[in-house]
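Heads up: the sequence shown runs through residues 1 to 261, numbered per the UniProt record's numbering. Built from N, CA and C at the ideal position, the CB exists for glycine as well. Take a look at the structure below.
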Amino acid sequence: MLNSTANMELNNVGSNRSSIYLALSFRKLCLATVGLPLLSLLFCFITAYIFQPDDIHETHCRVYNILPSISAITGVSPQRYLWRISIALHIGPRLVIANVYHSYYYNILKSIEDVPLKIMGSKLLNLCYWLNIAEVAALCGVTYISNRENYWVHEKIFIMFMISSLTYMLTAVRVGCLITPNAQSLQYKQALFMMSLVSTIGLIIFFLKHRLLCHDLAFSWFSLCEYVIAFANMGFHITVVLDFPKEQLIVGHDLPAAKID
C-alpha cells in the first residue's frame with residue numbers, strides 16, 4: 001500500500017513538472033500572418049476602385065491610367081486605416097518567424113562537420129536574419145508614411161523595402177541550398193524570387209517611362225509589377241508552412257521537481 005502511494009505521488013510530480021498555458025499551431029499562425037495583409041489589400045483595391053476612382057487614378061503626369069498602385073489604394077481614407085491595422089498585426093508574428101528560422105538553421109549548422117561550410121552558412125544565416133528584420137522595418141515605414149503625406153520619404157523607404165526584400169530572398173535561397181538542399185520549400189522560394197526579380201526590373205522600366213516620358217498606361221504597368229512583387233513576396237513568406245508543418249508555438253514554464261523523501 002505504501003509503495004502504491006509513493007508511485008502515485010511520483011507520477012503526479014512527473015506530470016506537473018511543466019505547465020503549458022498556450023499551444024498554438026505554428027502553421028496556422030503563419031497562414032494568418034500572410035492572409036491578413038493579403039485580404040486587406042484585396043479589400044482596399046476593390047473598395048477604392050469602386051468608390052474612389054478619381055483619387056486613386058491621379059498620377060504625376062495626369063495621363064490615362066487604369067490600374068492604381070498599392071500606395072494609392074492604401075493611401076486613401078478609410079482604406080488606409082484598415083491597411084495600417086493589418087500591418088500592425090502582421091509585424092509581431094513576422095519577427096517570431098524570423099527568429100524561428102534563425103534558430104532552426106543554426107541548430108542544423110551545429111551538426112555540420114565541414115568547417116568552411118559551417119562558417120559560410122553562419123555568415124549567410126546572420127545576414128539573412130538582419131535582412132529579414134530590415135524588410136519588416138521598411139514595411140512599417142512605407143505603410144505608416146504614405147505617399148500623400150510625404151512622397152519623398154515614402155519613395156526612399158519603398159526603395160529600401162525593395163532592396164531588403166530582394167536581397168533577403170536571395171540570401172534565404174542561398175542558405176537553403178547550403179543547409180537544407182532537399183527541402184520542399186526551396187524550389188518554390190527560387191521560383192518566387194525569380195518572379196520578384198523580373199517584376200522589379202519591369203517596375204523600374206515602367207516607372208522611368210511614366211516619370212520621364214509620361215507614356216499612357218506606363219503607370220498601370222508599373223502598378224501591375226508592384227502587385228506581382230507583393231504577391232510573390234507573400235508567397236515566399238508563406239513557404240514557412242512547408243518547413244514547419246506540424247510545429248507548435250508553446251507558452252509555459254518548467255516547475256521545479258518536488259523532493260520525495
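Q) Just curious, the beta strand (DSSP E) that H253 is in, first and last residue? A) Note, H253: beta strand (DSSP E), 248-254.
Q: Starting from the C-beta of T239, find all residues in its chain whose C-beta is less than 6 Å away, skip the five residues before and the five after it, and write them out in chain order.
A: Cβ within range, chain order: S185, Y188, K189.
**Q.** Local conformation of A23 per DSSP, three classes
**A.** Three-state DSSP puts A23 in a strand.
Q) Apart from the five residues just before and just after G252, which ones in its own chain have a Cβ nearer than 7 Å to its Cβ? A) Closer than 7 Å at Cβ, skipping near neighbours: S18, S19, I20, Y21.
Q.
Given a cut-off of 7 Å on the beta-carbon distance, is the pair residue 290 and G121 in contact?
A. Lying outside 1 to 261, the shown extent of the chain, residue 290 is not represented and no answer is given.
Q: Would you identify the three-state DSSP class for Y64, choosing helix, strand or coil?
A: Here Y64 carries a coil assignment [DSSP, helix/strand/coil].
**Q.** Neighbourhood of N11 by C-beta distance below 7 Å, restricted to the same chain and skipping five residues each side
**A.** Bear in mind that a pLDDT of 49 at N11, under 50, signals an unreliable position, so the model cannot answer this.
**Q.** Element boundaries [alpha helix (DSSP H), containing G121]
**A.** Here the alpha helix (DSSP H) through G121 covers 115-144.
**Q.** A258 in three-state terms, based on DSSP
**A.** Note that A258 has pLDDT 47, beneath the 50 cutoff, so the model's placement of it is unreliable and the number below is only indicative. If DSSP states are grouped into helix, strand and coil, A258 belongs with coil.
Q) Smallest Cα separation from R80: which of T47, R94, Y101? A) Nearest of T47, R94, Y101 to R80, Cα basis: T47.
Q | Helix, strand or coil at V76 [DSSP, three-state] | A | Secondary structure at V76: coil, using DSSP grouped into helix, strand and coil.
Q.
Report the CB separation of V136 from R94 in whole angstroms; it is logged as a contact under 8 Å.
A. At roughly 5 Å, the Cβ-Cβ gap stays under 8 Å, so V136 and R94 are in contact.
Q.
Using 8 Å for Cβ pairs, my map puts M195 next to L38. What's the rounded Cβ distance?
A. About 16 Å separates the beta carbon of M195 from that of L38, a gap too long to meet the 8 Å contact definition.
Q. So is Y105 in contact with chain C if we call contact Cβ pairs under 7 Å?
A. Among the chains of the structure shown, chain C does not appear; only one protein chain is present.
Q) E155 lies in the alpha helix (DSSP H); which residues open and close that run? A) Counting along the chain, the unbroken alpha helix (DSSP H) around E155 starts and ends at 151-179.
Q. From which residue to which residue does the alpha helix (DSSP H) around N233 run?
A. Run containing N233: 218-238, per the alpha helix (DSSP H) assignment.
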